[in-house]
Structures are given as C-alpha cells and as structure tokens.
Amino acid sequence: MMDLYDLIVLGAGSGGLAAAKRAAKHGARVVVVEGDQVGGTCVIRGCIPKKLLVYGSQACTALHDAEAYGISIKQVRVETTALLRNIRAEVERLSTLHIDLLEKAGVKLVRGWGYFSDPHRISVRHSQGPSGKVIQELQGKRILIAVGSYPTRLSFTGSELAWVSDDMFRLEHFPKRVVIVGAGFIACEFVHILRGLGCDVVQLVRGNYLLRGFDRELSEVVREGIEERGVEIRFGCNIKAIEGKPGFLTTKLSNGEQVESNGVLLATGRHPFLQNLNLGMAGVYCDGCRVPVDEYQTTNVPHIFAVGDVTDRRNLTPVAIDEGRAFADTVYGNSPRTVNHNLVASAVFSQPELATIGLTEEQAVNQLGRDAIIVHRARFRSLAQALPKRGPRCLLKLVAARSNDQVLGCHMVGEHASEIIQMAAIAIGMKATKADFDRTMALHPTVSEEFVTMT
Ligand code: NDP
C-alpha cells in the first residue's frame with residue numbers, strides 16, 4: 002500500500018530540511034525525498050566547504066604575513082590535497098548530523114529522486130532521469146518543492162572541459178594555474194581562495210566591473226584587492242572555446258586572444274533544478290526556469306508549495322531556511338507569516354570581505370533621487386594592515402535619508418565585514434538614524450568603529 006503523508010518535501014537542502022523539521026514539530030507526518038547527499042548546496046558544495054577553503058587560504062596568507070611580526074617561517078608548503086580531503090570529511094560529518102536531526106524530529110527520509118506522478122503523488126526513482134527505476138511511491142496531502150539550483154555551464158565549444166563550482170570540492174588538488182570566468186559571488190571568492198593557496202589566477206569578466214548589483218565603489222575596492230594580489234583581471238572578455246585536455250587547457254576569447262591554464266572554472270550563475278520533476282503532471286506553473294510562488298510560498302496549485310533557489314528570489318541559505326519555516330508555521334502552526342525579502346544582508350567572502358545590508362548608493366539615488374540622500378564614507382588602512390602592508394584600504398559607507406536621517410544602507414569592504422554587517426543589520430531593521438549610530442560610543446581600535454565616528 003502507498004505511504005500517505007501530510008507533507009512530502011522534495012529536496013533535503015537548507016529550505017527543505019528547515020520546513021520538514023518545523024512542520025513535524027507542528028505535528029505533521031513528514032517525509033523528505035533526496036537523491037544526493039543530505040544537506041543541499043550550502044552544506045555539501047557551497048557555503049560551508051567554500052568558507053573552509055577561505056579559512057585555509059587565509060591561514061596561508063597569515064603565514065606569509067608572519068615575517069612582518071618578526072616571526073620567521075622558512076617555507077610555506079601548501080597541500081591542497083590534504084585541505085580538500087579534510088573538508089570532504091567535515092562535509093560528510095555535517096551531512097550525517099543533518100540525517101540524525103531529521104530522525105530526531107520524526108521526519109522520514111527516502112533516498113532517491115522524486116517526481117510528480119499525479120498532483121498528490123510522488124514516485125521516487127533510484128537514479129536521476131526518466132530511465133531511473135521507480136523504487137517507491139508516496140502520497141501527500143501537501144507537497145513542498147525545495148530542490149534548489151545547479152551551476153550554469155555556458156554553452157560554447159569545449160565548455161565540458163571546464164569545472165563548475167560543484168567540481169571544485171571534488172578535485173584531488175588545485176592546479177598551478179587557473180582561469181576563472183565570471184565576476185559574481187563565486188568568481189570573486191574563488192579568485193582569492195586559489196590565489197591565497199598559491200595558484201596563479203586569471204579572471205575573465207564579460208563586463209567592465211566586478212560584482213554587478215553591489216555598491217560600485219565597494220566593488221572597485223574588491224577589484225583593487227584582487228589585482229594587488231597579482232591576479233590578472235581581463236574585462237570585456239567573451240569566451241569562444243576551450244581546447245586541450247584536462248590539466249592543459251587553452252581558453253580562446255572572441256577577440257582572438259587565448260589564455261593557457263591547468264583548469265577553467267565557470268562561475269557564471271545558477272539555475273533552478275527543475276529537470277525531471279514532471280511539474281506538468283501536477284499542473285504546477287513554471288515560468289520557464291523557476292517556480293513562482295505567492296508570499297506564503299504557494300504555487301498556482303493550492304496544495305503545492307516551493308521555497309529556496311527553485312523560486313529564484315533571494316538565493317541565499319538563510320532566506321531559504323526562513324521561507325521553509327514560514328511555510329510550515331503558516332500551514333501547520335496556525336500562525337501565518339511572510340518572509341521579508343527586502344532587508345537581507347549578504348556577503349561576498351573575498352579577502353577582504355564585502356558585506357552589505359539595505360540600499361546601495363545607486364539604488365537609493367534611483368529610488369529617492371540624489372538630493373534625498375546623504376552618503377557618509379570612510380576609507381582607511383586598518384591596523385591589521387599596518388605591518389604586513391598589504392590589501393586595499395577598507396571602505397565603509399552609510400546611506401541615509403536626508404529627510405529623517407534614517408540609515409537606509411550600510412556597506413563595507415574590510416576585515417570581518419560579514420560579522421560587522423550582520424550586527425549592523427539589526428540597527429537598520431530597527432530603522433536606526435545616523436544620529437543613533439553617532440550616539441554609540443566607539444570600540445577602539447576596531448574597523449567598525451568608523452561606522453559610529455564617520456561624518
Ligand atoms: P552571480 O549571479 O553572482 O554571478 C554570475 C556572473 O557570471 C556575473 O559576473 C555575470 O556577469 C557572469 N555571467 C553570466 N553569464 C555569462 C556569460 N554568458 N558569459 C560570461 N559571464 C557570464 O553567480 P555566481 O555563479 O557567482 O553565484 C550564484 C549564486 O550563488 C549567487 O547569485 C548567490 O545567490 C549564491 N552564492 C552566494 C554566496 C554568498 O552568499 N557568499 C557565495 C556563492 C554563491 P554579469 O555581471 O555581466 O551579468
């Protein structure tokens with residue numbers, strides 16, 4: 002007989018796991034279907050292993066800086082094989098932890114790839130794709146689509162020779178010379194990770210600047226930081242083809258130039274993972290590449306919901322988690338709530354980090370007009386940079402409304418930017434004014450004290 006559940010969750014990533022556990026806490030009978038490792042992009046091939054790589058890369062840089070503090074280190078030898086192996090072990094531990102947490106929450110886990118066989122029924126295949134053997138049939142009063150997204154592989158001759166971000170965590174070691182295509186989150190993070198670990202890096206960017214959508218002045222500081230480390234950034238580059246064999250690649254550009262490397266990383270965005278879900282069978286509307294939902298995460302079919310990257314709103318782990326919990330609280334907890342997608346802090350873990358909350362200067366000018374805002378900024382060399390004498394000078398910016406002094410945006414490139422902006426986000430959410438910032442006594446010597454002393 003077919004198993005009947007209150008809720009079937011497709012995908013054990015950040016959004017799916019959060020929704021499943023919260024729904025079970027509210028008394029629902031829940032099953033999660035996952036064909037890959039439990040944990041999703043964030044835990045398995047995203048935020049967590051990436052941040053561990055950042056720590057590894059920073060540790061290496063700190064050893065090079067040691068001399069400035071009178072510490073003599075004869076030779077820094079980097080074993081990226083060991084680093085990647087240790088990270089994979091940690092990811093495995095975290096995935097197991099998530100499985101245990103599901104069990105403790107009373108959520109059943111079914112391993113396999115789910116697809117709609119009718120609006121209330123999910124068939125689970127042993128492997129991905131239509132040829133996979135069906136191993137289980139599940140019936141659900143409600144179904145939550147939380148299958149996430151996957152990295153885009155651009156279409157040009159030889160693109161299959163390149164890596165996407167998923168591949169980076171599976172490599173045996175990082176090679177000597179790497180080409181990175183893109184100017185977004187992943188490209189700017191991996192440029193620093195690889196450079197810090199001793200690789201030679203060339204960054205190929207199709208536009209004229211990095212990190213489109215972020216404050217332009219801040220993105221310029223990130224560019225300075227990348228170039229100062231000896232990374233060549235080539236702007237206005239379009240890839241025509243990649244030729245060669247794994248380990249020895251030639252990237253051909255449409256302007257006739259070519260770049261030799263031992264590996265190419267395509268960091269050119271992500272797409273919702275909708276293949277093989279058979280959404281048409283359930284009547285779920287998909288607008289080409291994503292599943293649209295209303296403010297309560299409901300699709301056009303009232304008993305089918307979606308959260309996370311598959312809805313392509315703010316594609317960040319904490320947002321997916323909140324969407325999952327808001328869905329469960331609304332549907333099973335008798336406390337309907339929506340998610341605030343407008344005030345979301347984000348960080349690029351470049352070195353130094355860029356972090357931001359609220360309106361950028363450009364957004365504030367577009368929305369309110371140049372005369373309606375005041376921009377406060379501080380650009381300086383931090384104390385941590387004084388002896389090693391490296392890295393771009395920090396930049397801190399506050400964007401405030403002229404009419405009532407409310408701080409609309411707080412942005413920063415500098416050490417610990419993500420940690421600092423996380424706390425500043427509370428003040429911005431509480432509609433703090435510039436005068437509130439100024440009234441706060443500075444904590445000295447810190448980088449963030451400039452936020453309460455800048456004029
Ligand atoms: P992003 O959307 O951040 O950046 C994509 C980059 O690829 C842009 O620079 C874009 O250029 C470029 N690009 C797109 N299409 C092409 C093309 N055809 N040829 C050349 N370049 C192209 O995507 P990422 O892959 O870096 O990251 C994916 C998502 O993952 C992020 O949007 C974010 O949601 C999430 N993420 C979050 C992180 C964090 O929170 N720290 C870290 C990593 C990922 P252009 O600017 O010209 O459009």
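Residue numbers (the numbering used here): 2 to 456.
Beta carbons are placed, not taken as given, at the ideal position from N, Cα and C, and that holds for glycine.
query: Where the beta strand (DSSP E) through Val414 begins and ends; result: Val408 to Gly415
query: Option nearest Ala346 by Cα separation, candidates Val400, Pro319 and Gly370; result: Pro319
query: Nearest-angstrom Cα separation, counted from Arg224 out to Tyr210; result: 8 Å
query: Chain-order list of residues whose beta-carbon lies under 6 Å from that of Gln352 (same chain, five-residue window excluded); result: His193
query: Where Tyr297 sits in the DSSP three-state scheme; result: coil
query: Segment contact, 8 Å Cβ cut-off, at least three pairs: the stretch 369-386 with the stretch 228-235; result: no
query: Classification of Ile427 by the beta-carbon crowding that lies within 10 angstroms, buried from 16 upward; result: exposed
query: Nearest residue (CA-CA) to Leu355, options Arg403, Pro389 and Glu420; result: Glu420
query: Closer than 8 Å: Asn316 CB and nearest the ligand NDP heavy atom; result: yes
query: CA nearest to the CA of Arg403, picked from Ala365, Leu267, Ala348 and Glu104; result: Ala365
query: For Val179 and Leu205, believed in contact at Cβ under 8 Å, the rounded distance; result: Their Cβ separation, rounded to whole angstroms, is 11 Å, which puts Leu205 and Val179 out of contact at 8 Å.
query: Pro152, DSSP secondary structure in three states; result: strand
query: Residue of Ala283, Ala24, Tyr116 and Leu266 minimising C-alpha distance to Ser132; result: Tyr116
query: Ranges of the beta strand (DSSP E) found wholly within the stretch 11-41, counting only runs of at least 3; result: 31-35
query: Extent of the continuous beta strand (DSSP E) run through Ser118; result: Trp114 to Asp119
query: C-alpha distance - Val34 paired with Asp66, whole-angstrom precision; result: 47 Å
query: heavy atom of the ligand NDP below 8 Å from Lys142 C-beta; result: no
query: Cut-off 6 Å between Cβ atoms - residues of its own chain near Gly334, not counting five sequence neighbours on either side; result: His27
query: Assigned secondary structure, Ser166 (DSSP; H/G/I helix, E/B strand, else coil); result: helix
query: Residue environment, Gly370, which counts as buried when at least 16 other CB atoms sit within 10 Å; result: exposed
query: Beta-carbon contacts of Leu267 that lie in its chain and below 8 Å, excluding the five residues immediately before and after; result: Pro152, Thr153, Arg154, Leu155, Ser160, Ala163, Trp164, Val165, Val182 and Gly183
query: Endpoints, beta strand (DSSP E) assigned at Pro273; result: Arg271 to Pro273
query: Three-state secondary structure (DSSP) of Lys398; result: strand
query: Endpoints, beta strand (DSSP E) assigned at Ser58; result: No beta strand (DSSP E) holds Ser58; the alpha helix (DSSP H) holding it covers Cys48 to Asp66.
query: Outcome for Ile305 when other beta-carbon atoms lying within 10 angstroms are tallied against a minimum of 16; result: buried
query: Straight-line gap, Gly208 to Ile100 (C-alpha atoms, nearest Å); result: 42 Å
query: Test item: CB-CB of Ala147 and Val32 under 9 Å; result: no
query: Val285 and Leu145 closer than 9 Å at C-beta; result: no
query: Beta-carbon proximity list for Thr339, same chain, < 6 Å, skipping 5 on both sides; result: Glu296
query: Classification of Arg23 by the beta-carbon crowding that lies within 10 angstroms, buried from 16 upward; result: buried
query: The stretch 61-77 / the stretch 166-177 touching (three or more Cβ pairs under 8 Å); result: no
query: Simplified DSSP assignment, three categories, for Arg122; result: strand
query: Contact test: Asn256 Cβ vs the ligand NDP heavy atom, cutoff 8 Å; result: no
query: The ligand NDP heavy atom lying under 8 Å from the CB of Pro152; result: yes
query: Given 8 Å, three or more beta-carbon pairs between the stretch 244-264 and the stretch 435-455; result: no
query: Straight-line Cα distance separating Leu275 from Asp288; result: 11 Å
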